[in-house]
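All remarks here apply to the structure that follows.
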Amino acid sequence: MYMKKIHICNDFSSVPSGRFYTDGKASGEQFREELLKPAIASLKSNEKIMIILDEGVEGYGSSFLVEGFAGMVKYGYINSPELLDKLELKFTDNDFSFYKKKIIEYIESAKYNSEEYISTKK
Numbered sequence: 039m040y041m042k043k044i045h046i047c048n049d050f051s052s053v054p055s056g057r058f059y060t061d062g063k064a065s066g067e068q069f070r071e072e073l074l075k076p077a078i079a080s081l082k083s084n085e086k087i088m089i090i091l092d093e094g095v096e097g098y099g100s101s102f103l104v105e106g107f108a109g110m111v112k113y114g115y116i117n118s119p120e121l122l123d124k125l126e127l128k129f130t131d132n133d134f135s136f137y138k139k140k141i142i143e144y145i146e147s148a149k150y151n152s153e154e155y156i157s158t159k160k
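Residue numbers for the sequence shown, in our numbering: 39 to 160.
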């Protein structure tokens, strides 16, 4: 069951890039703080978020993926197993299987609550 669907191109940007707000529009920090974190906070215990990775997005840099997804764990919002349980990463273009694998890898290797979050938003 899904309460929320995030279509990255339609709901965020067709060119997601950068780690921090200070890196420009559509950063991983902005994605995490303005879309992913509120969406996860609104979920009930058995609900998930479907994230459409492709369909209008050409690709992702590692800095965006690390900050956007693993940042949830690094800043203590949710632990790795719980986050992975809440996410359903979807794509129709098989080239995006690489990004799905990287997102999972970054989340699994993130250390829970290892950093204090300080916004770079001006």
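Backbone N, C-alpha and C define an ideal beta-carbon position, used for all residues, glycine too.
Checklist entry - Hey, how far is the Cα of E93 from the Cα of A77? => result For the purposes of this step, residue 93 is taken as residue 55 along the sequence shown, with counting starting at 1. For the purposes of this step, residue 77 is taken as residue 39 along the sequence shown, with counting starting at 1. Near 20 Å, if we compare the C-alpha coordinates of A77 and E93.
Item to check | Runs of alpha helix (DSSP H) lying entirely within the stretch 54-122, each at least 4 residues, in chain order | outcome: 66-69, 75-79, 100-103 and 109-112
Checklist entry - Which stretch, first to last residue, makes up the beta strand (DSSP E) that contains E153? => result For the purposes of this step, residue 153 is taken as residue 115 along the sequence shown, with counting starting at 1. Looking at the DSSP string, E153 is not in any beta strand (DSSP E), and its letter there is neither H nor E.
Checklist entry - Using the beta-carbon count (16 or more within 10 Å), is P54 buried or exposed? => result As a working note, residue 54 is residue 16 in the sequence shown. So P54 counts as buried.
Checklist entry - Out of N151, L127, A79 and I142, which has the shortest C-alpha to C-alpha gap to V111? => result By 1-based counting over the sequence shown, the position of residue 111 is 73. Comparing Cα-Cα distances from V111 to each of N151, L127, A79 and I142, the minimum goes to N151.
Checklist entry - Using the C-alpha atoms, what's the distance from K124 back to L73? => result As a working note, residue 73 is residue 35 in the sequence shown. As a working note, residue 124 is residue 86 in the sequence shown. Taking the straight line joining both Cα atoms gives about 14 Å.
Item to check | Helix, strand or coil at K42 according to DSSP, with G and I counted as helix | outcome: Here residue 42 is taken as the residue at index 4 of the sequence shown, counted from 1. K42: strand per DSSP, three-state reduction.
Item to check | S138 versus Y144 - alpha carbon distance | outcome: Within the sequence shown, residue 138 is the residue found at index 100, counting from 1. Within the sequence shown, residue 144 is the residue found at index 106, counting from 1. Before going on, a small fix: residue 138 reads as Lys here, not Ser. Taking the straight line from one Cα to the other gives about 10 Å.
Next on the checklist: Among the candidates S118, R57 and H45, whose CA atom is the shortest distance from the CA of L91?
Outcome noted: As a first step, residue 91 must be located in the sequence shown, where it is residue number 53. Among S118, R57 and H45, the Cα nearest to that of L91 belongs to H45.
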